[in-house]
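Participant: Sharing a structure below in structure tokens format, with a few things to ask.
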Amino acid sequence: MTGDDPTVLHLDQFLPHPPAKVWRALTEPELIARWLMPGDFRLEVGHRYTMRGVAMPGTGFSGVVQAEVLTFTPGRMLRLGWRDAAPGGGAGVDWTVTWTLEPEGTGTRLFLTHEGFDPDDPSSGGPTRSWAAAGGPASCPPWRRSWTASPSRTLPG
Numbered sequence: 018m019t020g021d022d023p024t025v026l027h028l029d030q031f032l033p034h035p036p037a038k039v040w041r042a043l044t045e046p047e048l049i050a051r052w053l054m055p056g057d058f059r060l061e062v063g064h065r066y067t068m069r070g071v072a073m074p075g076t077g078f079s080g081v082v083q084a085e086v087l088t089f090t091p092g093r094m095l096r097l098g099w100r101d102a103a104p105g106g107g108a109g110v111d112w113t114v115t116w117t118l119e120p121e122g123t124g125t126r127l128f129l130t131h132e133g134f135d136p137d138d139p140s141s142g143g144p145t146r147s148w149a150a151a152g153g154p155a156s157c158p159p160w161r162r163s164w165t166a167s168p169s170r171t172l173p174g
């Protein structure tokens, strides 16, 4: 899951859908709301938006994310900036999340790069420790299924 850099998490998952369908799950607000969090996403560089989810007290996550579209390559890559929107910074997160899609056979290999973990901060002490505090095993963040398998469930067949 991670390399030698404790500030970055790398995941990849095969999805049994063509890249165009996976891209829709990453960029259409009504589909994003089904697998991640509802928000006013718009595929436009510089667009700032808010997503609302479930607070995770064990990690200090407020449940509200302020995000910004940093860059994208249509159908191929989407990079977002994420911050906890709680007053005082919530868990103090300042992340960059990048999804990259690659065609693979009849499906898509979805890569996630999640950057910005602070190894010196107990609430963001690295990609596995911070999510272990939320109740998941240290070897597998509990949200991994949400960020890789759930987009697939959003787009049946």
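Counting the sequence shown from 1 gives a position; the working numbering is that position plus 17.
Cβ coordinates follow ideal geometry from the N, Cα and C atoms, glycine included.
1. I'd like the list of long-range same chain contacts for A179, defined as Cβ closer than 7 Å, with 5 residues on each side in sequence excluded.
2. With distance defined between alpha-carbon atoms, name the residue in G92, L95, W112 and P91 nearest to D6.
3. Just to confirm, is the Cβ distance from T130 to H64 under 7 Å?
4. Within its chain, find whatever has a CB closer than 8 Å to the CB of P35; leave out the 5 residues flanking it on each side and keep chain order.
5. Report the three-state DSSP secondary structure of T24 (helix, strand or coil).
6. Distance, Cα to Cα, D29 vs T115?
7. Per the DSSP calculation, E119 is bridged to which residue(s)?
8. Distance, Cα to Cα, V39 vs L32?
9. Which of helix, strand or coil does DSSP assign to E132?
10. Using a 10 Å radius around the Cβ and a threshold of 16 neighbouring Cβ atoms, would you call A84 buried or exposed?
11. Take L95 and list the residues in its own chain whose beta-carbon comes closer than 6 Å to its own, dropping the five residues that flank it on each side.
12. Please tell me whether V86 and W99 are closer than 7 Å, where the distance is taken between their beta carbons.
13. In the structure shown, what three-state DSSP assignment does L60 receive?
14. Looking only at its own chain, which residues have a Cβ that is under 8 Å from the Cβ of G56, when we skip the five neighbours before and after it?
15. Enumerate in chain order the residues of its own chain whose CB-to-CB distance from V62 is below 8 Å, with the five nearest sequence positions on each side excluded.
16. Determine the direct distance from the alpha carbon of D21 to that of G133, and round the result to whole angstroms.
17. So for H34, helix, strand or coil by DSSP?
Facilitator: Inspection of the coordinates gives the following:
1. Outside the modelled stretch of the chain, which goes from 18 to 174, sits residue 179, for which no answer is possible.
2. This structure does not reach residue 6, given that the chain is present from 18 up to 174, and the question cannot be answered.
3. Mapped onto the sequence shown, residue 130 falls at position 113. Mapped onto the sequence shown, residue 64 falls at position 47. No, Cβ-Cβ distance for T130 and H64 is not below 7 Å.
4. Along the sequence shown, one-based indexing puts residue 35 at 18. Answer for P35: P120, T123, G124 and T125, listed in chain order.
5. Against the sequence shown, residue 24 aligns to sequence position 7. In the structure shown, T24 sits in coil (DSSP, three-state: anything other than H, G, I, E or B).
6. Locating residue 29 in the sequence shown gives position 12, counting from the first residue. Locating residue 115 in the sequence shown gives position 98, counting from the first residue. Going from the Cα of D29 to the Cα of T115 covers about 11 Å.
7. Working through the sequence shown from its first residue, we reach residue 119 at position 102. Partner(s): R126.
8. Sequence index remark: in the sequence shown, residue 39 carries index 22 (1-based). Sequence index remark: in the sequence shown, residue 32 carries index 15 (1-based). For V39 and L32, the gap between their C-alpha atoms comes out near 8 Å.
9. Mapped onto the sequence shown, residue 132 falls at position 115. When secondary structure is reduced to three states using DSSP, E132 falls in the strand class.
10. Stepping through the sequence shown from its first residue, residue 84 is reached at position 67. Buried, because 16 or more other Cβ atoms sit within 10 Å of the Cβ of A84.
11. Residue 95 sits at position 78 when you count from the first residue of the sequence shown. Correct list, in chain order: L43, F89 and W116.
12. Locating residue 86 in the sequence shown gives position 69, counting from the first residue. Locating residue 99 in the sequence shown gives position 82, counting from the first residue. Result no, Cβ atoms of V86 and W99 do not sit closer than 7 Å.
13. By one-based count along the sequence shown, residue 60 stands at place 43. Coil, per DSSP.
14. Position 39 of the sequence shown, counting from 1, holds the residue named residue 56. Closer than 8 Å at the Cβ level, and outside the excluded window around G56, lie P46, I49, A50, Y66, T67, M68, R69, V82 and A84.
15. In the sequence shown, counting from the first residue as 1, residue 62 sits at position 45. Within the same chain, V62 has close Cβ partners V86, L87, T88 and F89.
16. Taking the sequence shown and counting its residues from 1, one reaches residue 133 at position 116. Taking the sequence shown and counting its residues from 1, one reaches residue 21 at position 4. Taking the straight line joining both Cα atoms gives about 14 Å.
17. As a first step, residue 34 is located in the sequence shown; it is residue number 17 there, counting from the start. Of the three classes helix, strand and coil, the one that applies to H34 here is coil, per DSSP.
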